[in-house]
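**Q**
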Amino acid sequence: MDFDSFLASPRWEILQILAENPSSPIELASKLNTTVSYVSQQLKLLDAAGIVVKKKTGASQRGKPRSIFSLSNELLYLTVLTNEFSNKKLLRLTVNHKAIIKIWMIDDVSLHQPIQQIFWKLQENIKDVEGIFLDLSKNEPKVLVLCDSKQIKAGLEAFQKRISSVVECLFISKVQLNKFSLGEIVGLHDPFMLTKNLKGGELKKDE
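In our numbering, the protein residues as written are 56 to 262.
See the structure below:
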């Protein structure tokens, strides 16, 4: 399948909405300012391609959605063009895939490797880490680690010193995390969905 053309508008817009929240054809049509029949036609194509799934709500009342659509899987459509090779591939994403992609979204490519090094180092004790986040509120991104283990903190500090890391890494509490707004924080490891409850604000080092 040629995904370049298949995922063009309006199917791409539909998928962007479903990525945020499962929705009914009526809700999608309202957000896209189009007809329900047209949205339903596009959903059938996406369903046939295995990109979305349909779930019956069981509702029988008038005005209540009878079907809700959601993404079937989290996917990455990768296009590679280098001097050595070129390729296109559709990948089903793992948790680690998603974390690395979020790191790659940082404009300054020189920060990708040092942030990835911190992320992989923390993976060694990931069961004791409640969260790993990117602070994008300033010009220079920082790595925020939600963890109260002094041993993990000391180990990471020694690791950063050994590799001469240029990225600042801060160990924080939930109280400090809650001072950020959702637009300032990117979750690399957020098993408890803490970013969903962010109120906004700014981290202060002295807290």
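Cβ coordinates follow ideal geometry from the N, Cα and C atoms, glycine included. It should be emphasised that the depicted structure is a prediction, and the values quoted were computed from it without experimental measurement.
Measure the C-alpha to C-alpha separation of Asn180 and Met248 and round it to an integer number of angstroms.
**A** C-alpha separation (whole angstroms): 19 Å.
**Q** Taking only the alpha-carbon atoms, compute the straight-line gap between Asn326 and Thr149 and give it to the nearest angstrom.
**A** No statement about residue 326 is possible, as the shown extent of the chain runs from 56 to 262 and does not include it.
**Q** Please confirm whether Phe226 and Cys202 have their CB atoms less than 7 Å apart.
**A** Yes; because the gap between Cβ atoms is below 7 Å, this pair is in contact.
**Q** Which of the three DSSP states is assigned to Ile155 in this structure?
**A** The answer is helix: DSSP assigns Ile155 an H, G or I state.
**Q** Please report how far the alpha carbon of Arg147 lies from the alpha carbon of Leu101, in whole angstroms.
**A** Cα-Cα distance, rounded: 16 Å.
**Q** Short of 6 Å in beta carbon distance, which residues of its chain neighbour Leu199, apart from the five on each side in sequence? Order them along the chain.
**A** Here the set comprises Phe188, Asp190, Leu225, Ile227.
**Q** Can you name, in chain order, every residue of its own chain whose Cβ lies under 8 Å from the Cβ of Ala84, other than the five neighbours on each side?
**A** Counting only Cβ-Cβ distances below 8 Å, and skipping sequence neighbours, we find Thr90, Val91, Tyr93, Val94.
**Q** Can you name the start and end residues of the alpha helix (DSSP H) that Arg217 belongs to?
**A** Start and end: 205–217.
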